[in-house]
Structure formats: C-alpha cells, structure tokens
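Right, one structure below, let's go through it.
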Amino acid sequence: MAAKKSRKREKGESDSDDYNNVEYEEVEHDFDDDGEEDDFDDDSGEEEDGQKVTDDEDDGTREHSEWNNDEMEQLEKEYRDLHHQELDTLKNLKHHKDEDLLKGQAVKSQKALWYKVLELRFLLQKPFSSSNRLPQEPIKSSFCEADEAVKVAYSDLVTSSKETLDSILELQEALSARNPSITQATVGSDGISTDLDVSKHLNDSVDQEWSQISQMHKSIACFRDKSINKWQRMTQVTTGAAAIKGKLHAFNQDISNQVSAYMRDPSRMIKQMRLRRSAVNVFGHVPEDDDKPKEAETPTDGDPELLDDSEFYQQLLKEFFETVDPSSSEKALYALKRMQPKKRKIVDRRASKSRKIRYNVHEKILNFMAPLPATIPPTAPKLFENLFGLRTRRSSAAAS
1 MAAKKSRKRE KGESDSDDYN NVEYEEVEHD FDDDGEEDDF DDDSGEEEDG
51 QKVTDDEDDG TREHSEWNND EMEQLEKEYR DLHHQELDTL KNLKHHKDED
101 LLKGQAVKSQ KALWYKVLEL RFLLQKPFSS SNRLPQEPIK SSFCEADEAV
151 KVAYSDLVTS SKETLDSILE LQEALSARNP SITQATVGSD GISTDLDVSK
201 HLNDSVDQEW SQISQMHKSI ACFRDKSINK WQRMTQVTTG AAAIKGKLHA
251 FNQDISNQVS AYMRDPSRMI KQMRLRRSAV NVFGHVPEDD DKPKEAETPT
301 DGDPELLDDS EFYQQLLKEF FETVDPSSSE KALYALKRMQ PKKRKIVDRR
351 ASKSRKIRYN VHEKILNFMA PLPATIPPTA PKLFENLFGL RTRRSSAAAS
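Structure representation (structure tokens):
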C-alpha cells in the first residue's frame, strides 16, 4: 500500500512539474529578448478596433449603396413618367393635328362652297335688276295676246325661274340634311321634303312656293342664331369686349336679338328697297310729263312690285373683295358707286323764280300748355328785402 501511495505521489509531482514547465514556456513567449513584455495584447486590441471600424464602414457603404439604389429607382420612375408624358403629348399633338387637318379641310370646303354661292348670287343680280322692267298687269296680258312669240317667251321665262328656284331649295335642303346640328334642330323636316315634292307638281301655285321658302327659312333659323351667337361670344372673349359688358349694353347684345329687334318693324327697310316707276323704265309704262308738278309723290313712295337690293349686293361684293385683296375693296366699291345711275331729285320747275309760295308745315306741338298769368303778392318785395339784407343796407346808407 505504501508503495502504491509513493508511486501516485511521484506521478502527481511529475504532472505538476510538466504543468509548471508549460506555464514557464508560455510566460517566456510573452517576453521578448530584452526581458520586456510583448505587444501582443495591444495588437489584438487594435485588430478588434479595426474590425469594428471596417464593420462601420461596411454598414455606411451598404446604407450609401441602398440610398443610391433608392435614388436611382426614383430617378428611373421620374424618367418613365416623363417618357409617358412625352408619349401622351405626342399622341395628343398627333390627335390635334388630325383634328386640325379635318377642320382645315372642312373650312376649305366651306369657303369653296361660299364662293360658289357668292358667284351664283352675283350672276343672279343682273337678271333680278332687269326683272323690274318686265310689264305688269294688265299690260303684260295685252303683250301676250298681241304676239304669240312673246307669250311663249314669257312662259319659258317663268318656267325656268321656277326650276331655278326649286334647284336652289333642293340644294339648300341637301346641305341642311348633311349637317346633323340642323337636322336635330329642325322640327318637321319630313314636311319640308313633302313640300318640295308638292311644289314640283304644283308649279302654278305661287303661295306654295312662298310657304316652302318660309318653312326652309324657319328650319335653319334656330341653328343660325345659335352659331352666330356662339362665334360672337368667342370673338368677345378673344378681343376683350366681354370685360365692358356693362357699357354700351345695346351693342353687347347677341346679334340674333339685335336683328330680331330691328326686324320687328321692317316697314322702313321695305320702303328703302322699293323703287319708283319713274326711276325704272318699265315696258309699257308711259312716263309722266316732267312739267307737271309731283306734289303727291315723295322720295319714300315706291312701287311694291319694284324692289332693289343693291345695298345688300354692294355689301357682299365689298366683303368678297376684302377676302381677295383688302386694298382693292374701297376702290372697287367707289368705282361701283360711280357706275350706278344717280337718282334724279324731284323738282317742281314751275315753282322757280318765286312763282309759287313755298311753305313748310310744322308738326303738331305735343305736351304744350298755354302760359298762365301769375299774381305776385304785395308782401313779396319786403320778404326778399329782409332775406337778403337790403333793408339794413338802405338804413345804414340813409344814416350815413
């Protein structure tokens, strides 16, 4: 037993010596050759700090890269939005370009149609003016009975005039039917076409033709007024005339209202359009002797069968010249006025050299009242003297 204990003790001592030797070797490694302690611990601390710094830098670069990625995504999104906006703008421009092209073609066709209508109106002016010279009843019947050729020519003239009128009305109906706005605003459009068919068979009915013309005029009146008022408002907004709407209210009304107000009493315009027989050389009409006085005839009197629309014709001609050449419109209008025959002033030749008493009849006085004598009360002078201080002035003057 003692031997076993001694062996165990020796083995434990040898193990302790080995452990001490190992610790001694580790301590020797911690000191350098000069006997000083090595900087191993400091280097390990610096390495740990550097690792922390690198970790922080990695975190910063990661955050910076993430921020750059977000910024790039935002820029790409803005670029895509701008690109889509540009594409939409190009599509809108192309769409507007197509619309403008269609509008331009429509305006071009409208101007061509307008010029053709003006040309037709200009060509009809001379026959219309010459028609005033046609004989009237009963001279017309006597002419037709006297010569068969005159009767045939007169009937051919009436037939061709009615055919021309029917063609113009058919053209107007066809143009109105192609415009959906007029078709929607038209009430009883079937009745208009029926009237056109009836007028072809009833050529002798003058009332039928006039009713047809009036019905066609009523069918486009609503659309005409709306279109004119719309473009007038657009013109006022463009020129700034809408800002002064309170001033000159009569001129700022719609054109349709102004025309309707003027047409409520068309007697003045009709009188201006009527011509006197003395101004037109009507076939079969013998002019009166110039020596006879014309007291009953006034410049406003005229024959209802003789009409003259030269003012309207001159206005159309002036607008046409302005569209072609604005500088030549005034010259052409002045030359046209010079070419027209001047109207002779009605003068009574027997009234010259004071051979006839000249007098003018004054109109009756309206709201007139004869003067009434006013009696002044006797105390009025004293009252005014006291009011204006005349009595004190006179007393002071007398005292001085």
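Be aware that the sequence shown starts at 1, since it is given in the UniProt record's numbering, and climbs by one per residue. We treat Cβ as the ideally placed atom computed from N, Cα and C, and that holds for glycine.
Could you give the residue range of the alpha helix (DSSP H) that holds residue i?
i: Leu169; result: 148 to 178
i: Leu134; result: Leu134 -> no alpha helix (DSSP H), and no H or E assigned at all.
i: Asn386; result: 380 to 388
i: Glu311; result: 310 to 324
Closest by CA to residue i, which one among the options?
i: Phe223; options: Pro180, Gln253, Ser260; result: Pro180
i: Ala174; options: Ser219, Asn132, Glu66; result: Ser219
i: Arg344; options: Ala370, Leu387, Val280; result: Val280
i: Asp166; options: Asp70, Pro266, Gln208; result: Gln208
i: Thr183; options: Asp156, Ala221, Glu148, Ile168; result: Ala221
i: Pro304; options: Met273, Glu311, Phe321; result: Met273
i: Ile139; options: Asp98, Ser130, Lys151; result: Lys151
i: Thr323; options: Leu90, Phe388, Glu311, Lys111; result: Lys111
i: Arg276; options: Asp254, Asn257, His96, Leu306; result: Leu306
i: Gln314; options: Glu363, Tyr79, Leu387, Lys126; result: Lys126
i: Ser129; options: Phe384, Gln136, Thr238, Ser310; result: Ser310
i: Asp308; options: Asp88, Asn229, Val259, Ser131; result: Ser131
i: Phe320; options: Lys91, Glu73, Ser65, Leu118; result: Leu118
i: Arg133; options: Gln74, Arg358, His285; result: His285
i: Thr164; options: Pro135, Arg121, Glu145, Ala149; result: Arg121
i: Ile357; options: Glu363, Pro371, Asp348, Asp88; result: Asp348
i: Gln258; options: Val361, Gln232, Arg80; result: Gln232
i: Trp210; options: Met234, Lys162, Thr238; result: Lys162
Along the chain, where does the beta strand (DSSP E) that runs through residue i open and close?
i: Leu307; result: 303 to 307
Which word fits residue i, buried or exposed, when buried means at least 16 other C-beta atoms lie within 10 angstroms of its C-beta?
i: Val282; result: buried
i: Gln212; result: buried
i: Met216; result: buried
i: Ser142; result: exposed
i: Ala380; result: exposed
i: Ser176; result: buried
i: Gly191; result: Here the model assigns Gly191 a pLDDT of 44, short of 50, so the residue's position is not dependable, and the following value carries that caveat. Result: exposed.
i: Leu102; result: exposed
i: Gly302; result: buried
i: Leu171; result: exposed
i: Leu93; result: exposed
i: Leu317; result: buried
i: Leu169; result: buried
i: Phe31; result: Since pLDDT at Phe31 reaches only 43, below the 50 mark, its modelled position is unreliable, and the value read off the structure follows with that caveat. Phe31 should be labelled exposed.
i: Glu37; result: Unreliable placement is indicated for Glu37, whose pLDDT of 44 sits below 50; the coordinate value is still reported in the next sentence. When all chains shown are included, Glu37 counts as exposed.
i: Asn386; result: exposed
i: Ser193; result: Its pLDDT being 46, under 50, Ser193 is placed unreliably in this model, and the coordinates cannot settle the point.
i: Leu383; result: exposed
Kindly indicate if chain C contains any beta-carbon less than 8 Å away from that of residue i.
i: Glu145; result: This model lacks chain C altogether, as it is built from one protein chain only.
Residue i: beta carbon under 7 Å from a heavy atom of the ligand NAD?
i: Thr89; result: Absence of the ligand NAD is noted for the structure shown, with no ligands found whatsoever.
Exercise for the section: Go through the region 209 to 277 residue by residue and report every complete run of the alpha helix (DSSP H) that reaches 4 residues or more, in order. Expected result: 255 to 262, 267 to 273
Exercise for the section: Enumerate, from N- to C-terminal direction, the unbroken beta strand (DSSP E) stretches of 3 or more residues contained entirely within the region 97 to 129. Expected result: none
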